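Encoded as structure tokens, the structure appears first; notes follow it.
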Amino acid sequence: MLNFILAILPLLALIGLALTFPKWRRRKKGAEADKGLRKISIPTKTFRPGKGGQLLPTTYYFDEENFYEIQVDVKKSVPLSAITKVERDSIKVNNRSFWIVTYSTEGQTKQARFRHNYTLFHTDFADFLEAVKRANPAASVRQLNAFTL
Numbered sequence: 056m057l058n059f060i061l062a063i064l065p066l067l068a069l070i071g072l073a074l075t076f077p078k079w080r081r082r083k084k085g086a087e088a089d090k091g092l093r094k095i096s097i098p099t100k101t102f103r104p105g106k107g108g109q110l111l112p113t114t115y116y117f118d119e120e121n122f123y124e125i126q127v128d129v130k131k132s133v134p135l136s137a138i139t140k141v142e143r144d145s146i147k148v149n150n151r152s153f154w155i156v157t158y159s160t161e162g163q164t165k166q167a168r169f170r171h172n173y174t175l176f177h178t179d180f181a182d183f184l185e186a187v188k189r190a191n192p193a194a195s196v197r198q199l200n201a202f203t204l
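Numbering-wise, my numbering comes out as the position in the sequence shown, counting from 1, plus 55.
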């Protein structure tokens, strides 16, 4: 019986670690941190109809008050309190899930879809989910854990 307990103990420790590691934090570094912006996505190509149908790189950031969509020369900001839903899509690319942020501005509901950049040492995406919960407690925010990455 003691051998069984000693064999299972490391497995239980690893499971506990996997379930709690999204809560770990790191210090902000880099130029974006100096501006207060924290990157939460991997650059993706987004269709922009006004530019002749080009696919332009789009990156998503947030700070304490806003969610930002930055595309080459356009910076669009949305208050965190306007976000109504953050959910994980069923599609994965390179073992990273797509996430959908739904927000309402000026009476219109819009969505932003991106792949997170969450790693063990880069937890800004987990911080973004917590910031949305603080800014809008009524928002439906998917819990981030080892199984929903």
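For glycine and all other residues, C-beta sits at the position ideal for the given N, C-alpha and C. Model, not experiment: these values are computed from the prediction.
- DSSP, read as helix, strand or coil, puts leucine 111 in strand.
- Secondary structure in the stretch 132–169: the beta strand (DSSP E) runs of 3 residues or longer, each lying completely within the stretch, are 138–148 and 151–160 in chain order.
- A direct Cα-to-Cα measurement between leucine 135 and serine 96 gives close to 16 Å.
- With respect to the C-alpha of asparagine 172, the residue from Val133, Thr139 and Tyr115 having the closest C-alpha is Tyr115.
- Pairing phenylalanine 117 with arginine 93 gives a Cβ-Cβ distance under 8 Å.
- Counting the other Cβ atoms within 10 Å of the Cβ of alanine 193 gives fewer than 16, which makes it exposed.
- For glutamate 161, the number of other beta carbons within 10 angstroms of its own is below 16, and it is reported as exposed.
- Glutamate 124: member of the beta strand (DSSP E) spanning 121–126, first to last residue.
- Within a 10 Å sphere around the beta-carbon of aspartate 179 sit 16 or more other beta-carbons, which makes this residue buried.
- Spatial neighbours of lysine 147 in its own chain (CB-CB distance under 7 Å, excluding positions within 5 residues in sequence) are not present.
- Contact annotation: alanine 186 and glutamate 124 have beta-carbon atoms that are not nearer than 8 Å.
- Arginine 93 has Phe117 as its beta-bridge partners, per DSSP.
- Within the DSSP secondary-structure output, histidine 171 pairs in a beta bridge with Ser96.
- Boundaries cannot be given for phenylalanine 176, as no alpha helix (DSSP H) includes it and DSSP labels it neither H nor E.
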